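All residue numbers in the sequence shown are consecutive under the numbering used here, ending with 823.
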Amino acid sequence: MTDSVSPAAPKAVILLSGGLDSATVLAIAREQGYACYCLSVDYGQKHRAELDAAVRVAKALGAAEHRVAKIDIGQFGGSALTDPGLEVPTEGLLPGIPITYVPARNTILLALSLAWAEVLDARHVFVGVNAVDYSGYPDCRPTFVQAFEDLANLATKAAVEGARLSVHAPLIDLSKADIVRTGTRLGVDYGLTVSCYQADDQGRACGACDACRLRREGFAAAGLADPTRYRGA
591 MTDSVSPAAP KAVILLSGGL DSATVLAIAR EQGYACYCLS VDYGQKHRAE LDAAVRVAKA
651 LGAAEHRVAK IDIGQFGGSA LTDPGLEVPT EGLLPGIPIT YVPARNTILL ALSLAWAEVL
711 DARHVFVGVN AVDYSGYPDC RPTFVQAFED LANLATKAAV EGARLSVHAP LIDLSKADIV
771 RTGTRLGVDY GLTVSCYQAD DQGRACGACD ACRLRREGFA AAGLADPTRY RGA
């Protein structure tokens with residue numbers, strides 16, 4: 591999917607992690623006719639292979655531009671995704687908010703997207719949060735998305751001057767299987783993506799963390815082959 595976008599297409603900023611969900615969101619935004627400006631964030635995550643995956647996905651899905659912003663929220667620790675002293679859990683999904691939650695991550699990432707959207711004169715931000723097959727993160731809920739949109743329209747020059755901004759979360763109510771089916775229909779090559787919380791430098795997945803479990807179960811439920819590369823396979 592590398593077809594050109596009309597110069598008259600509305601602009602949108604897409605938060606692109608390099609994982610399955612954000613790749614699907616990019617494909618959805620493209621199908622809806624947006625010129626997609628993809629933003630990935632190097633926030634100090636240990637699974638840095640996802641940033642390489644984001645580059646591949648942005649190119650494959652015809653992003654108008656792709657940038658990687660660096661902001662080290664990992665310096666504060668508090669998450670197994672950023673703190674080298676904390677291990678990513680592999681015992682399966684458990685009740686409560688897991689240690690892989692990164693404090694305020696989606697709030698910070700959306701704020702960066704908002705800043706770029708305002709500079710681009712874009713009125714749309716897309717994010718791949720999901721409230722169905724997820725790990726219990728509080729910043730993946732519809733109430734959070736709506737609250738951030740309300741904030742965006744109070745906090746920006748563009749909105750105050752009448753240009754409202756919309757935050758789109760098209761996966762919010764979808765199961766992982768439905769997400770996989772949607773992306774497959776739109777031509778997403780999920781072999782380019784990395785979801786694993788502890789992927790190695792080559793992007794190979796551990797197969798045991800929550801992200802790996804949800805991804806594998808999604809492909810199985812969708813009845814589609816899983817293109818994920820696993821370590822030792």
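Beta carbons: idealized from backbone N, C-alpha and C, even for Gly. This structure is a prediction, so every number in the text was calculated from the model and none was measured.
For arginine 754, no alpha helix (DSSP H) run applies, since DSSP gives it neither H nor E. The shortest CA-to-CA distance from aspartate 711 to any of Ala749, Phe666 and Ala701 is the one to Ala749. Counting the other Cβ atoms within 10 Å of the Cβ of proline 760 gives 16 or more, which makes it buried. Assignment of beta strand (DSSP E) within the stretch 653-741, counting only whole runs of 3 or more residues, yields 655-660 and 714-716 in chain order.
Between the alpha carbons of glutamate 621 and arginine 775 lies a distance of about 11 Å. Here the alpha carbons of leucine 704 and valine 715 stand approximately 7 Å from one another.
Its chain contains Cys628 and Ala648 as the residues whose beta carbon lies nearer than 6 Å to that of histidine 656, once the 5 sequence neighbours on both sides are disregarded; these appear in chain order. Look at serine 596 here: in three-state DSSP terms it is coil, with no helix or strand label. The closest CA to that of alanine 617, considering only Thr818, Asp779, Ser785 and Tyr820, is found on Asp779. In the structure shown, the three-state DSSP call for alanine 795 is strand. Below 8 Å, too few C-beta pairs join the stretch 725-733 and the stretch 636-648 to call them touching: fewer than three. For lysine 766, the secondary structure class from DSSP, reduced to helix, strand or coil, is helix. Unbroken alpha helix (DSSP H) stretches of 4 residues or longer found wholly inside the stretch 600-628: 610-621, given in chain order.
Considering only Tyr727, Asp662, Glu708 and Asp763, the residue with the shortest C-alpha distance to proline 685 is Tyr727.
The alpha-carbon of glutamine 788 is positioned some 9 Å away from that of alanine 798. Remark: fewer than three beta-carbon pairs, one from each stretch, lie closer than 8 Å, so the stretch 806-820 and the stretch 672-680 are not flagged as touching. C-alpha of alanine 812 to C-alpha of glutamate 751: approximately 45 Å in a straight line. A check of alpha carbon separations from glycine 634 across Asp611, Lys660, Val615 and Pro688 identifies Lys660 as the nearest.
The Cβ-Cβ distance between phenylalanine 738 and leucine 700 falls below 8 Å. Note that the C-beta distance between glycine 609 and serine 756 is not below 8 Å.
In the structure shown, the three-state DSSP call for valine 778 is coil.
Inter-residue distance for cysteine 626 and isoleucine 663 is about 25 Å (C-alpha atoms, whole angstroms). Per DSSP, reduced to three states, the secondary structure at aspartate 816 is coil, with no helix or strand assignment.
Nearest to leucine 605 by alpha-carbon distance, out of Glu681, His758, Ile769 and Asn743, is His758.
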